[in-house]
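One structure is given here, and the rest of the page talks about it.
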Amino acid sequence: MTKGFKSWGYGALSVLLVSTLTLAGCGKSNNQQAEGSSSPSPESSPSASASASAAPSASDAQPYTLKWLKAQDISLPYDPTKDVVKQAIEKKLGIQIVPEMVDVQQYKTKLNLKMSSNDIPDVARIDFADDFQKYALQGAFVDLTDLINEKDTPNIMKEVPPEVFEQAKVNGKIYGIPYQGGPGAGYRWNLVLRTDYLASVGAEAPKTLDEYYEVLKKIKAAKPDVIPLGGYTAQIGQTKYANNSFDQIFGAFGVTPGFFTEKDGQFGNYDIDPRMRDALLFLQKMYKEGLIDKEFATIKEEQLRAKLYSGKLFSWMGWWSTANDYDTQVETNELIKSGKLAADGKLPNQADEPFKYLTLLGSLVGKDGTAVAPMGAPFSQMNAISTKTKDPKKVLSIIEDSLSPENQMLTVWGIEGEDYNIVDGKLKTVTDLVDPQTQQDKNGNFRGTQSYLFAPGLKGWPRYLESLPLRFSQSLDVAINNKYQITDASNYLDSPTKIAKLVELNTMRDSVFTQIIMGADIKKFDDFVTKWKSQGGDQILKELEESFKKKAGK
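If you want it as structure tokens, here you go:
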């Protein structure tokens, strides 16, 4: 079950990146960030030594030369010899980066050509799913299994959990460092409630499923024209399962649609879990009692928004970045109703003000005090060191050094006092430093922030949340710090049957689950389980188990 991304409505939030940063990444102007996920790191305080003019070298020895294949948007001007952030990074890490520019759209093709001709960059950022595994087996990358450990590479180990390294192994060996491209994977949904409606029935923000259920009943009784819980079939331009509008309900039963599970090498799937049956019965009860929108299975997000803006909706599952605009639109409608809206019909930018009408919640817990929240895959790419590089251990030590909190501040945010400032203890990026036409600052310098870095982005870049406007940081914070996040156990495993049959199985699931929620006999679930197994499900589980063993080198 893959949840889609929404674009952010601010320049600092406008670039969604996984595949285009640094070694496989595009140089971005100073006012561009990556969509992200993780809390700021309070301990990673900024340092004035990040400046090129003040930074001490990592070593007094001759700088180590790194060949760097740099994906670049060739429609934008850029000269690496005039990039002051690149120069600061080089001085700080004691390296000399020799970039070879390639159009961002051609990066993968170019990298594959280089791999085939043995003209491999010292460090290659490469897609995990296909190319990395293929080339690792061909001996293109250094075996790092015995080189990455708590003693020698503590920064890397802090950024990449051991279980993620396990998922990244090829034939039981580590050939690269997982990379997500800006603050990592994670859960991105919040349960959103109208704060004023909550207060009107004398209720507090619920923490458990039972408490939420009671709140919904109170809302229905007090406000008969308001939908207690809304749902919709898709985000704009993207596919979304109708029953995934109820992640928090499923999660309180310990299941989530679509995810595969693994225990002691044995695989299963939540779709056929007995607890899923219980969750569907509970949703059926809610639907019968009028607590769920009768149109949840047919309307699009645009129609759900209309219900929200008109005051006809109490709660729904919301993508984290939508909350700011939704709160502003609700306020606008309330001001229209009271006749207090400004003559121009607009409100000022509310992004740095606390939410006025919305309350954002993490997971609701079930009767046993647990829950699950489905997060994305932990990583999508790998940083791999070429076997052709002259000193692999030195290159690994450079990557390790670059991942210290202080050095991440430089590679991610640039030079303190120029690319960013610390205001009242919080990081604020300087968004008007670079001319959007020339891509240069007032001194004619290019500023490749987030363009020459090794940061995996799995734990989150330092001080990321605090760099966002208040409402964005609050809503993302609630989502990504959900302690009940889980990943799909089938990530990074091979199953030809999964590729061939999963869409068909998911379509069958969505139809059956929706029918049950809307009142169909629960026996349909039992029939679904039988069909799921016989129509490819059992074969998928078998193939995942075989791939799991092979990946572990067993």
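Okay, so the sequence shown: first residue is 77 according to the numbering used here, each after it adds one. C-beta: ideal position from N, C-alpha, C; glycine also. None of the values given here were measured: they were computed from a predicted structure.
Item                                                                                                                                 : Value
Residue range of the unbroken alpha helix (DSSP H) whose run includes Phe624                                                         : Asp614 to Lys627
Reduced DSSP secondary structure (H/G/I, E/B, other) of Phe217                                                                       : strand
Collapsed DSSP secondary structure at Met451 in the structure displayed                                                              : coil
Span of the alpha helix (DSSP H) around Trp396                                                                                       : Careful: Trp396 lies outside any alpha helix (DSSP H) and carries neither H nor E.
Residue burial classification, Lys162 (beta-carbon count within 10 angstroms, cutoff 16)                                             : buried
Residue from Ile575, Phe204 and Tyr263 whose Cα sits closest to the Cα of Gln243                                                     : Phe204
Cβ pair Glu621, Thr573 closer than 8 angstroms                                                                                       : no
Inter-residue spacing [alpha-carbon to alpha-carbon] between Asp449 and Leu437                                                       : Note that residue 449 is Ala in the sequence shown, not Asp. Straight-line Cα distance between these residues: approximately 12 angstroms.
Outcome for Arg351 when other beta-carbon atoms lying within 10 angstroms are tallied against a minimum of 16                        : exposed
Inter-stretch contact (C-beta, 8 angstroms, three-pair minimum) for the segment 489–502 and the segment 547–554                      : no
Cα-Cα separation between Leu169 and Lys443, rounded to whole angstroms                                                               : 52 angstroms
Classification of Pro304 by the beta-carbon crowding that lies within 10 angstroms, buried from 16 upward                            : buried
Separation of Leu357 from Trp144, as counted between CA atoms                                                                        : 56 angstroms
Pro424 - DSSP class collapsed to helix/strand/coil                                                                                   : coil
Span of the beta strand (DSSP E) around Ile575                                                                                       : Looking at the DSSP string, Ile575 is not in any beta strand (DSSP E); the run it does join, the alpha helix (DSSP H), is Pro572 to Ile593.
Whole-Å CB distance - Thr435 paired with Leu269, under 8 angstroms assumed                                                           : 5 angstroms
C-beta atoms of Gly307 and Asp403 nearer than 8 angstroms                                                                            : no
Element boundaries [beta strand (DSSP E), containing Ala606]                                                                         : The amino acid at residue 606 is misidentified as Ala; the sequence shows Thr. Thr606 -> not in any beta strand (DSSP E); alpha helix (DSSP H) instead, spanning Lys599 to Trp608.
Cβ-Cβ distance between Met458 and Gly248 below 8 angstroms                                                                           : no
Inter-stretch contact at 8 angstroms, needing at least 3 Cβ pairs: the segment 413–427 / the segment 390–397                         : no
Chain-order list of residues whose beta-carbon lies under 8 angstroms from that of Asp219 (same chain, five-residue window excluded) : Lys249, Ile250 and Tyr251
Residues bridged to Ala460 (per DSSP)                                                                                                : Ala200
Separation of Asn225 from Asp354, as counted between CA atoms                                                                        : 43 angstroms
The alpha helix (DSSP H) enclosing Gln360, as first and last residue numbers                                                         : Pro350 to Lys364
Classification of Asp207 by the beta-carbon crowding that lies within 10 angstroms, buried from 16 upward                            : buried
Three CB pairs or more closer than 8 angstroms across the segment 563–583 and the segment 602–616                                    : yes
Buried versus exposed, by CB contacts within 10 Å (16 or more), Lys535                                                               : buried
Backbone CA spacing between Leu378 and Asn425 [nearest angstrom]                                                                     : Per the sequence shown, residue 378 should be read as Glu rather than Leu. Answer to the nearest angstrom: the Cα atoms are 22 angstroms apart.
Exposure label - Asn266; buried when at least 16 CB within 10 Å                                                                      : buried
Reference Met451; option with closest CA among Gly260, Ser151 and Ile150                                                             : Gly260
Beta-carbon contacts of Lys600 that lie in its chain and below 7 angstroms, excluding the five residues immediately before and after : Val588, Gln591 and Ile592
Nonlocal neighbours in the same chain, by C-beta distance under 6 angstroms from Met233, ignoring five residues either side          : Glu226
Separation of Leu423 from Ser462, as counted between CA atoms                                                                        : 54 angstroms
Residue range of the unbroken alpha helix (DSSP H) whose run includes Arg381                                                         : Glu377 to Tyr385
Residues that Thr141 bridges to, as DSSP identifies them                                                                             : Gln172
Buried versus exposed, by CB contacts within 10 Å (16 or more), Ser135                                                               : Any reading at Ser135 needs caution, since the residue's pLDDT is 44, under 50, leaving its predicted position unreliable; the model's value is listed next. Exposed, because fewer than 16 other Cβ atoms sit within 10 Å of the Cβ of Ser135.
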